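Down below is the structure, laid out as structure tokens.
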Amino acid sequence: MSKVDWAIAEARYITKPQASYDWIAQMFDTTKITVVRHAKKRSWQQKRKKYTEDRIEELLRRSFEKRVDVDERHLRALRITQYTFHKEIVRLGQKQANGDNIPSKEWSHLASLSNAVAKAIMTERTILGLPAKPIKVTDPEEIDRIQREKGYKTESLDQKYRETKALLEGIDIEAILKHKKILEDYVKKVEQTGDYNVEHPLW
């Protein structure tokens, strides 16, 4: 029976959920009674409980931050899509106003891009277990309450949530969906009639 490095034995017990007193005794070639004596003296069980709670809080914090980052990235993508969509609508409208024929493929291309962005965002959110429909972020007061309870010091994270909430409230998701539907209907009408001079209902 070799001399036990109790610092390592303690670390193994605390950090490995599968570790029992028997498991430690067998690993370090000692008796269970000896392990129990050291464990009680050094409060192994209390330390393991604290370690587990800290790990859970850390995982929750990381998940919390990831949700913020993903929401912000998707928000930026939606804003860029909205800007590009309106810019293209204006450009094509000016071309039509100048008497230019606009190939249906231009409308189809714009619709395809909008669909691709929306599908990519929704797919990623589904994979990550986030809401598949853009919604307002958790109320800041609720975030403050959770932070006080958990003792988090995440002022910058809270600020990011406030900024994200403000951006979400400023973006008109319904307008994007409405314009997208109008655009798709227009493309379908042009393709069915072959008339490239059909006036777009947005103009």
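Quick note, the sequence shown lines up with residues 81 to 283 if you use our numbering. Just so it is clear, CB atoms sit at the ideal spot from N, CA and C, and this is done for glycine as well. What you are looking at is a predicted structure, and each value in this text was computed from that prediction instead of being measured.
Note down the Cα distance separating residue i from residue j, rounded to an integer number of angstroms.
{"i": "S100", "j": "A87", "result": "16 Å"}
{"i": "E133", "j": "A89", "result": "20 Å"}
{"i": "A177", "j": "N195", "result": "26 Å"}
{"i": "V116", "j": "Q106", "result": "13 Å"}
{"i": "P97", "j": "K167", "result": "57 Å"}
{"i": "R128", "j": "K146", "result": "27 Å"}
{"i": "T234", "j": "D85", "result": "Because the pLDDT at T234 is just 47, under 50, the model does not fix this residue reliably, and the value given afterwards should be weighed accordingly. So the alpha carbons of these two residues sit roughly 38 Å apart."}
{"i": "D192", "j": "K185", "result": "Correcting the residue type first, residue 192 is Ser in the shown sequence and not Asp. Whole-angstrom Cα-Cα distance: 10 Å."}
{"i": "A91", "j": "V148", "result": "34 Å"}
{"i": "T95", "j": "Q125", "result": "11 Å"}
{"i": "I182", "j": "A157", "result": "27 Å"}
{"i": "L172", "j": "H189", "result": "12 Å"}
{"i": "L140", "j": "W103", "result": "30 Å"}
{"i": "G179", "j": "E152", "result": "41 Å"}
{"i": "E137", "j": "V170", "result": "49 Å"}
{"i": "K121", "j": "R135", "result": "24 Å"}
{"i": "S143", "j": "T111", "result": "41 Å"}
{"i": "T114", "j": "S123", "result": "14 Å"}
{"i": "H118", "j": "Y131", "result": "18 Å"}
{"i": "Y93", "j": "A198", "result": "48 Å"}
{"i": "F108", "j": "M202", "result": "51 Å"}
{"i": "V150", "j": "K83", "result": "51 Å"}
{"i": "L155", "j": "K175", "result": "30 Å"}
At which residues does the alpha helix (DSSP H) containing residue i begin and terminate?
{"i": "T95", "result": "86-95"}
{"i": "D102", "result": "101-107"}
{"i": "I113", "result": "112-122"}
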